[in-house]
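For the sequence shown, the UniProt record's numbering assigns the number 1 to the initial residue and increments by one for each residue that follows.
Just so it is clear, CB atoms sit at the ideal spot from N, CA and C, and this is done for glycine as well.
Working notes for the structure below.
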Amino acid sequence: MKIKEIQDEIVDEFSMFDDWMERYEYIIELGKKLPIIKEEYKTDNNIIKGCQSKVWLQGEQNDDTVVFTADSDAILTKGIIAILIRTFSNQKAADILQADMDFIDEIGLKEHLSPTRANGLVSMIKNIKMYALAFDSKN
Numbered sequence: 001m002k003i004k005e006i007q008d009e010i011v012d013e014f015s016m017f018d019d020w021m022e023r024y025e026y027i028i029e030l031g032k033k034l035p036i037i038k039e040e041y042k043t044d045n046n047i048i049k050g051c052q053s054k055v056w057l058q059g060e061q062n063d064d065t066v067v068f069t070a071d072s073d074a075i076l077t078k079g080i081i082a083i084l085i086r087t088f089s090n091q092k093a094a095d096i097l098q099a100d101m102d103f104i105d106e107i108g109l110k111e112h113l114s115p116t117r118a119n120g121l122v123s124m125i126k127n128i129k130m131y132a133l134a135f136d137s138k139n
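What follows is the structure in structure tokens.
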């Protein structure tokens with residue numbers, strides 16, 4: 001599936017919920033389904049700076065795609081990174097770099113987060129794009 005198709009799917013899923021409490025619960029559920037990151041990747045080098053809670057992000061190149069794994073010590077943050085992993089993992093680095101982030105605004109995520117969590121979201125996206133840039137420059 002292409003990034004835009006995944007983003008549209010996420011927007012559709014979020015549109016099923018009437019209020020933000022239901023959306024928060026859904027985000028937490030997504031976090032619970034996030035594949036567990038290997039302990040060896042839970043290092044200071046993989047911690048995303050700018051997040052209120054601890055978020056570890058690991059990216060690896062697998063043939064012509066980038067595969068991400070992540071974890072967080074906070075349940076809501078884990079759900080947020082799960083949304084980003086679902087969107088960008090197993091995608092080509094160039095496609096990740098070109099992807100727009102409008103779907104974040106479409107689901108209303110940024111406006112319903114505390115300022116520190118919203119900053120953390122921006123940092124997560126920035127780190128994903130940095131991995132993509134590093135892998136894209138190798139090709």
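Item, Value
"Taking the alpha carbon of L84 as the point to measure from, which residue in D44, Y24, G31, D18 has its own alpha carbon closest?", "G31"
"Determine the contact status of C51 and G108, defining contact as a CB-CB distance below 7 Å.", "no"
"Assuming contact is defined by CB atoms lying nearer than 7 Å, are N46 and L57 in contact in what I supplied?", "yes"
"For T43, which of helix, strand or coil comes out of DSSP?", "coil"
"Per DSSP, N119 forms a beta bridge with which residues?", "According to DSSP, N119 bridges with nothing at all."
"Would you check if the distance between the CB atom of A118 and the CB atom of K110 is smaller than 7 Å?", "yes"
"Verify whether the separation of the beta carbon atoms of F103 and S89 is less than 7 Å.", "no"
"Determine the direct distance from the alpha carbon of S72 to that of I42, and round the result to whole angstroms.", "The sequence given here places Lys at residue 42; Ile does not occur at that position. Answer to the nearest angstrom: the Cα atoms are 10 Å apart."
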